[in-house]
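Sequence positions in the sequence shown follow my numbering and run 75 to 477.
Report on one structure; see the data block that follows.
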Amino acid sequence: GIFGRGYTVQVTFPATGSNTLKLYSATMPEPVNDVAKEHIVIKIAMVFFTLVGLAGGSMSIAGPVVGLTLNPNDLTATNFNQVERFGLDAALYFDCDKVDTAFGQNMVNQMVATMNGTSSIQNSQNGDDDTTSRTTTTDTFERLCNDRKGSHLYIAITSGVFTYVGMLVFIACAVVKKFEPDFVYIVPLLLSLVMVYDFVETNSSMFAYIKRCTESASYESSDKMKTKNLIMWAPSTNGTMGRYGVTKFGHSCKFEVPATDELLGSPDREFWQPYKDNGTNPEIPVFPPNGPCRPDLADDIILCTYFYSCQNSNNKKQCKDINFRESLARIEGDDDQEDRACNDLGEGLTIWILGAIFNVIANGMMLSALAIRRNRAQFADPDYKEMVATERAMISGVSATAE
């Protein structure tokens with residue numbers, strides 16, 4: 075007969091003796107992937123990490139989409155007052171089409187100042203630079219915004235899609251009892267590691283900025299420091315809304331004229347004297363220069379998801395009636411307000427990094443499980459066992475002859 079690749083084997087059996095001939099292939103066939111026969115621990119691990127991979131793939135796609143396409147509102151412009159400190163990085167997190175808002179226009183102004191410099195803007199106004207004649211500031215902002223977030227979205231979404239595909243390939247191969255190839259886990263594993271690095275490099279500092287501004291810093295020792303994260307959204311002196319910080323708990327924004335003795339030694343005596351004369355008390359947006367409730371006490375690097383509010387369209391409560399409490403559980407429901415954009419930012423970043431971590435864990439564990447399952451199936455094959463036993467017998471015979 076013909077065996078292998080065109081080799082003719084001629085066998086002549088002696089008149090007496092065995093007439094049985096066994097032939098072994100140089101390469102064994104692919105072992106059967108019978109998931110049902112795997113050990114219970116392997117079964118549980120494969121099901122669990124498949125679910126982790128599917129969840130991680132979904133989160134890798136959803137996190138950046140939510141965290142990098144925020145829709146700013148009227149609160150966001152003030153909440154992101156530190157846009158000058160973020161520079162162009164702040165453009166990364168918002169919908170690039172939303173430049174018609176106060177926040178977007180502030181971003182545009184910062185972008186122009188950063189890209190061209192003051193002298194370049196003046197030259198452009200004088201006609202020395204024709205940049206503005208070819209494109210509008212809004213168009214430039216949108217292109218820059220899209221360019222900055224394009225690479226991050228590509229890495230995250232690609233990692234999520236490849237992880238998702240890897241888990242689906244595993245399920246399909248289990249059905250047909252074939253082993254999946256290694257690269258369906260190796261490729262998304264490498265992409266996920268790149269995704270973790272990209273996230274840490276880009277977004278690690280943002281988590282420190284996002285806070286719930288109705289919650290005191292209980293880890294601090296003094297009351298003055300415990301109130302450093304408390305922010306109130308209230309009318310400002312320029313007719314708009316602004317943020318106020320406080321230095322004590324209670325009705326911090328309720329101002330009362332000091333007693334006569336206190337007023338004489340007060341550094342704000344000139345401020346208080348007119349109110350002392352007419353028997354009234356100041357109210358926000360007017361505040362004592364050294365009082366416990368002032369705009370300069372609101373740290374502009376804090377991004378508030380929730381904060382106290384007063385005297386606005388959502389809350390008619392007077393600012394002097396707001397009671398800053400030490401315990402978050404004791405805050406009155408009508409006293410707090412939410413900036414959905416900052417809340418979405420925090421949620422998006424959390425989902426983003428969790429998706430990357432899930433991808434790394436799922437792909438790494440599934441790759442390890444694949445190696446274990448493949449070896450177990452190969453060594454459990456009866457033909458493989460017989461071939462190994464024959465080879466060992468032949469080697470033993472050759473060794474004995476040589477001796």
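Every residue, glycine too, gets a C-beta built ideally from N, C-alpha and C.
Distance cut-off 7 Å: Val320 Cβ against heavy atoms of the ligand FAD: Of ligands this structure carries none, so the ligand FAD is not represented either.
Cβ-Cβ distance between Gly319 and Asp256 below 8 Å: no
Span separating the alpha-carbon of Leu428 from that of Ala333: 56 Å
Thr321 versus Gly365: straight-line alpha-carbon distance, rounded: 9 Å
N- and C-terminal bounds of the beta strand (DSSP E) containing Tyr167: Careful: Tyr167 lies outside any beta strand (DSSP E) and carries neither H nor E.
Under 8 Å between C-beta atoms of Met120 and Ala443: yes
Exposure of Arg217, with buried meaning 16 or more beta-carbon neighbours within 10 Å: exposed
Cys327, DSSP secondary structure in three states: coil
Ser225 in three-state terms, based on DSSP: helix
Contact under 8 Å by Cβ, Phe323 with Asp297: yes
Segment contact, 8 Å Cβ cut-off, at least three pairs: the segment 343 to 353 with the segment 277 to 284: no
Beta-carbon contacts of Lys391 that lie in its chain and below 6 Å, excluding the five residues immediately before and after: Cys384
Cβ pair Cys416, Leu377 closer than 8 Å: yes
Coil, strand or helix - Glu158 by DSSP: Low per-residue confidence applies at Glu158: pLDDT is 49, beneath 50, and the placement is therefore not dependable, though the value from the model is reported in the following sentence. Glu158: helix per DSSP, three-state reduction.
Nearest-angstrom Cβ-Cβ length linking Gly420 and Ile284, presumed shorter than 8 Å: 4 Å
Secondary structure, beta strand (DSSP E): runs of 3+ residues fully inside the segment 287 to 331: 305 to 309 and 315 to 320
Outcome for Leu423 when other beta-carbon atoms lying within 10 angstroms are tallied against a minimum of 16: buried
Beta bridge counterpart(s) of Cys378 as assigned by DSSP: Lys285
As assigned by DSSP and simplified to three states, the class of Glu144: It should be noted that the sequence gives Leu, not Glu, for residue 144. Three-state DSSP puts Leu144 in a strand.
Identity of the residue in Ala282, Val258 and Ile358 nearest Met306 by Cα: Ile358
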